[in-house]
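Undergrad: Under numbering that gives the first Met the number 0, think of the first position of the sequence shown as 0, with each following residue one higher.
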Amino acid sequence: MKNFLVFFLLLSLSFSQSKVSIQDKEIEINENEAVVEVLGMVCSMCAFGIGEGFAKTDFIDKSKFTDGVSVDIDAQYVQLGLLESTNINPEKIVQVIEDAGYDVNLLFILQNKKLTKFSMDKLGILQPIAFNFSSELDS
């Protein structure tokens, strides 16, 4: 019975986290998180503006990262902690970043043990391009 519990725990952990790649950087994404590739974000003031935008939303889990937002300026991505009880609308994430003056290239959301990858099409419309990735991902 003990071996079964250990196996079940390891199995459930494999479904609650994945790895995604942005700008050749591998990023671990956990359950109820999003990773967004942000084009044009090059300084700490950029990061501050994006963080302030997400602080005003009702879907960020402020117990993760720094007030729910982690920014990597060098790799140009933002990682967000998402509240478990909310079903995230990806357009809301994109809107916050666009309101701060930046563009989104890729968006990954891991929620309800389902990883979804979104990309902007040629018309600037966010499109899901892949669902339910394996635990090791490449973009």
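Built from N, CA and C at the ideal position, the CB exists for glycine as well. In this text, all values refer to a predicted model and were calculated from it rather than measured experimentally.
Quick test of your reading: Glu30 and Ser15, contact by CB under 8 Å. State the CB separation rounded to the nearest angstrom.
TA: Along the sequence shown, read from residue 1 onward, the residue named residue 30 stands at position 31. Along the sequence shown, read from residue 1 onward, the residue named residue 15 stands at position 16. Between Ser15 and Glu30 the Cβ distance is about 4 Å, and since that is below 8 Å, they are a contact.
Undergrad: Taking Phe142 as part of the alpha helix (DSSP H), name the residues at either end of that continuous run.
TA: For the chain, the structure presents residues 0 to 138; residue 142 sits outside this window and is missing.
Undergrad: Less than 8 Å between the beta carbons of Ile87 and Leu81, yes or no?
TA: In the sequence shown, the residue the question calls residue 87 occupies position 88. In the sequence shown, the residue the question calls residue 81 occupies position 82. With respect to the 8 Å criterion, Ile87 and Leu81 are classified as neighbours on the basis of their beta carbons.
Undergrad: Tell me whether Lys24 sits in a helix, a strand or coil according to DSSP, three-state version.
TA: Position 25 of the sequence shown, counted from the start, is the residue given in the question as residue 24. Strand at Lys24.
Undergrad: I'd like the span of the alpha helix (DSSP H) that includes Phe142, first residue to last.
TA: Nothing in the structure corresponds to residue 142, since the chain is present only between 0 and 138.
Undergrad: Given a cut-off of 8 Å on the beta-carbon distance, is the pair Val68 and Phe47 in contact?
TA: Stepping through the sequence shown from its first residue, residue 68 is reached at position 69. Stepping through the sequence shown from its first residue, residue 47 is reached at position 48. Not a contact, by the Cβ cut-off of 8 Å.
Undergrad: Please check the pair Lys24 and Ala74, which I expect to be a contact at CB under 8 Å, by giving their CB distance rounded to whole angstroms.
TA: For the purposes of this step, residue 24 is identified with residue 25 of the sequence shown, where counting begins at 1. For the purposes of this step, residue 74 is identified with residue 75 of the sequence shown, where counting begins at 1. Rounded to the nearest angstrom, the Cβ distance from Lys24 to Ala74 is 4 Å, consistent with a contact under 8 Å.
Undergrad: Assign Asp137 to buried or exposed, taking buried as 16 or more other Cβ atoms, counted over all protein chains shown, within 10 Å of its Cβ.
TA: Residue numbering aside, residue 137 sits at position 138 when the sequence shown is read from its first letter. Residue confidence for Asp137 is low, a pLDDT of 42 falling below 50, so the modelled location carries little weight; the figure read from the coordinates is stated next. Asp137 comes out exposed.
Undergrad: If I measure Cβ to Cβ from Glu97 and keep anything under 8 Å in the same chain, skipping five residues before and after, which residues do I get?
TA: Position 98 of the sequence shown holds residue 97. Only Val103 meet the Cβ criterion.
Undergrad: Per DSSP, which one or two residues make a beta bridge with Asp71?
TA: Counting from 1 along the sequence shown, the entry for residue 71 is found at position 72. According to DSSP, which records beta bridges pairwise, Asp71 is partnered with Tyr76.
Undergrad: Among the candidates Pro127, Asp120, Lys113, Ile128, whose CA atom is the shortest distance from the CA of Glu83?
TA: Residue 83 sits at position 84 when you count from the first residue of the sequence shown. Closest option to Glu83, Cα to Cα, is Lys113.
Undergrad: Just to confirm the assignment, what range does the beta strand (DSSP E) spanning Glu32 have?
TA: In the sequence shown, counting from the first residue as 1, residue 32 sits at position 33. Note, Glu32: beta strand (DSSP E), 32-38.
Undergrad: What number of angstroms, rounded off, separates the C-alpha of Gly39 from the C-alpha of Val93?
TA: Counting from one through the sequence shown, the residue named residue 39 turns up at place 40. Counting from one through the sequence shown, the residue named residue 93 turns up at place 94. If I take the Cα positions, the gap works out to 14 Å.
Undergrad: On a CA-only basis, which of Tyr101, Ala99, Ile108 is nearest Leu79? Give me that one, please.
TA: Your numbering for residue 79 matches position 80 in the sequence shown. The shortest C-alpha separation from Leu79 is found at Ile108.
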